[in-house]
Every structure is written in C-alpha cells, then in structure tokens.
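One structure is given here, and the rest of the page talks about it.
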Amino acid sequence: MRSLIVGTGSYAPERVVTNKEMEKLVATTDEWIVERTGIRERHYAADNEATSDMALKASQKALKMAGVRPEDVDLIVVGTITPDMPFPSAAAMLQCHLHNKKAFAFDVSAACAGSLYALSVADRYIATGVCRAALVVGAEVLTRVTDWSDRNTCILFGDGAGAMVLVPTPDPNRGLLSTHLHTDGSMWQMLNMPGGGSRQPVSQKVVDENLATIKMQGREVYKVAVRALEEVSREALAANGLQPKDVTWVIAHQANKRILDSTLDRLGIPAEKCWMNLEKYGNTSSASVPTTLDEANRAGWFKPGDLILMMAIGGGMAWGSALVRW
Ligand code: UT7
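Following our numbering, the residues of the sequence shown are numbered contiguously, the last one being 327.
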C-alpha cells in the first residue's frame, strides 16, 4: 500500500518581526537580508507557546481536512529540534493535547530535514499495514535557541508548525512514490547547538558563553545544500523513472532564496513551480516543508496526478527528498 496525504495544516504564531526590527538588534540592514536570503519577516512564538502547542494547531487543521478524528490517529511522528522539553517527546505532548490514546508517538531529530525524515518513517508504517492513520508534523520554536548577538544566524529563523495526515491507498497511481534520506555526520560542526546536551550539559558556562544556541558556518552549509538538494532530487526522480521536466510542483525547505534558485536552475525546473514563502516566515527548520505544502495545497495548486517533489537539508548534515503523486 502507498501512503496518501489526505490532510495538510499549518500554524504561524501571531507576532510578526520585520527586517527593520532586526536592524535594531544587530548590525544588519533590510537590504542585506532581502538580497542575501529573500527573507522579509518572520513569526515569533509567544512566551507561553511551546512546540507542541503550535503542533496542535497545525494538526487540528490537517485532521479536519482529512476527515480523520484525533482519537483515530494510530501514529504521531514529530520532526523537531526544539521539543517542549528534552523528554518526553513533543509527539507525546501533542498526543496528550489531542486527547488521543491509540497512537504511539515519537520525535525525529534531523533538523531542517526533520519533517521529511518523519514522513519517511510514517510511510513505512502505513506501507506495511501497521498503521492506518498517521500524523506527521514539523514544529519548531527556533527563537528559544537563537543567538541574538549573532547577525549571521539570528536574522534567519522563525517559529511555526506544519502537519500532514497519511492514510493507505489501494490506488497504485497515487500517493507517496518514494523518500530518499541521507546523513553525513562528519559535517556535524557546520550546523549545531553545542550546549544543553550530554556533552556540555546546562551549566553557568553554557549560559555565559551562549552555547545553547544555533551555531552555523553559513557559507559552507550553503555550498553543501545546493549540491545535496540537486543530487537527492535527481536520485528521487531516477528511482521512479522520471525526469525534472515531469515535476509539476516543488515544495522545498525555505532556508535561502538563492539556494533554491540555484538548485532549481541546476535541475532545469522553472522557479515558478516552487512555492516560496520564506519572505513571510524565514527559516522554520522542520516546520518549513509541511507549512509550504499546506499553503500551496490550500491555494489550490495541486490537482490529482500532479507530481510533487519535496526536498530539505539541515544540521547533521541531514537531507532528503520525497516524490508524491497527488
Ligand atoms: O536551514 C538549514 C540550512 N541552512 C541554510 O541553508 C543556510 C545556508 N547559508 C546561507 O543561507 C547563507 O550563507 C547566509 C544567508 C547565512 C549568509 O549569506 P552569505 O552570502 O553566505 O554571506 P557570508 O556568510 O559569506 O557573509 C558575507 C558578509 C560577511 O562580511 P565580510 O566578512 O565579507 O565583511 C558577513 O559578516 O556579510 C556579513 N554578514 C552580514 N551583513 C549584514 C553576515 N550576516 C549579516 C547580516 N547583515 N545579517
């Protein structure tokens, strides 16, 4: 059986922060941010809003669209690097909010590729008949782990959540055709949060040196991203006997407009086929792909039979692609 995406949902917190506001925080300009990234504004979670709260709002919308009752979900997988607390998982908290008792629930940690990793895992449970209704979520409150003194990173990130509902379909012509995932742990230093884990647990030093925040070698990540996204997209298409020209729509992790433009250019896919929303949300890590999918879906982009190519890359480095016949 293939997995069919029958519901999508997303949520962005209320507070909008513009590039002009970032100018007050660090030595940057609206022009630099727009030119180098494409970002114009981002949404920040309220102080009392945690990852599972946002995940709940996105999930409720996706479940409503799918016509699946929260209590009937039998698998919840959340891609996140900012769970409410180190444990239990954000997925367990989400299950609690949904008043669901049936599902087994867990998080997947693959940074910005988290929702594609989560999708891939959930797909296996659906395909093997173990689960009949899976909730796949990407949700992050990156502003809790942002270094507000680092202009290289703080201008990039935003908070949000996106969700998808998967069910099995007997239709051989529709659904999730494949997922391809890759990790290269030797590149862990390019993008990470060094403090707050078991190597450097919370301590005065971690606080004083701001180590429980995202550190990124932007230029290096950029180069790896363009190459990896092109390769993993070609891999997905080749595995299904398809070519870039067969792609109807691209749903990609929204990290940097220039990364996506270069990747699409290398693939020979017109930029108009790629739904862009990073000007509104910035980089929301694992929330990015499901949020983008939901926006394009609700805008009426997808028709039955359309071929959708999804791609994402993030810390690990971890990256992946998914091909969906809508
Ligand atoms: O989501 C997971 C994956 N993450 C990504 O895909 C992010 C990948 N990387 C990027 O998107 C880009 O590398 C950035 C947007 C982070 C940076 O853009 P860049 O074109 O690679 O800039 P750069 O790091 O090469 O820096 C160019 C200059 C530097 O100044 P000097 O050394 O040339 O004098 C930076 O200090 O721009 C400076 N700079 C800034 N200037 C104004 C860096 N950040 C800023 C800033 N405002 N916010």
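By construction, the Cβ of each residue, glycine as well, lies at the ideal position given by its N, Cα and C atoms.
message = Rounding to the nearest angstrom, what Cα-Cα distance links L57 and L268 in this structure?
response = 36 Å
ask   = In chain order, which continuous runs of the alpha helix (DSSP H) of length 4 or greater are located wholly inside the region 265 to 327?
value = 279 to 282 and 289 to 299
message = I need the straight-line Cα distance from M217 to Q96, nearest angstrom please.
response = 32 Å
request  = Assuming Y118 and A128 form a contact by the criterion Cβ under 8 Å, report the distance between their Cβ atoms to the nearest whole angstrom.
outcome  = With 8 Å as the limit, Y118 and A128 do not qualify as a contact, their Cβ atoms being about 16 Å apart.
ask   = Which one or two residues does DSSP pair with D108 in a beta bridge?
value = V79
ask   = Would the beta-carbon of V222 be found less than 6 Å away from any heavy atom of the ligand UT7?
value = yes
query = What residues in its chain sit with their C-beta under 7 Å from that of N193, if we drop five residues either side in the sequence?
reply = These residues qualify, in order along the chain: K216 and G316.
inquiry  = For D329 and T52, what's the separation of their Cα atoms in angstroms?
reply    = In the structure displayed, the chain extends from 2 to 327; residue 329 sits before or after that span and is not available.
request  = Could you check which residue in D151, V166 and A253 has the C-alpha nearest to that of W320?
outcome  = A253
ask   = Thinking C-alpha only, which one of D31, Q205 and N284 is nearest G161?
value = N284
ask   = Under the criterion of a Cβ to heavy atom distance below 6 Å, does G317 qualify as lining the ligand UT7?
value = no
Option in T9, T264 and L310 with minimal Cα separation from G301 = T9
query = Ends of the alpha helix (DSSP H) at W33?
reply = D31 to T38
ask   = Just the Cα atoms here: how many angstroms apart are A106 and D48?
value = 25 Å
query = Using the C-alpha atoms, what's the distance from G198 back to M165?
reply = 29 Å
message = What does the alpha-carbon distance come out to for the pair V54 and M66?
response = Looking at the sequence provided, one finds Asp at residue 54 rather than Val. Taking the straight line from one Cα to the other gives about 19 Å.
query = Does the ligand UT7 have even one heavy atom less than 6 Å from the beta-carbon of A97?
reply = Before going on, a small fix: residue 97 reads as Cys here, not Ala. Because no heavy atom of the ligand UT7 lies under 6 Å away, the Cβ of C97 does not count as near it: no.
ask   = Around the C-beta of F88, are 16 or more other C-beta atoms found within 10 angstroms, so that it is buried, or is it exposed?
value = exposed
request  = Quick one: measure Cβ to Cβ for L113 and S287, integer angstroms, because I've assumed they're closer than 8 Å.
outcome  = In the sequence on display, residue 113 carries Cys and not Leu. So it is a contact: roughly 6 Å between Cβ atoms.
request  = Only counting runs of 4 or more residues, tell me where the alpha helix (DSSP H) segments fall wholly within the region 83 to 142, in order along the chain.
outcome  = 91 to 98 and 115 to 128
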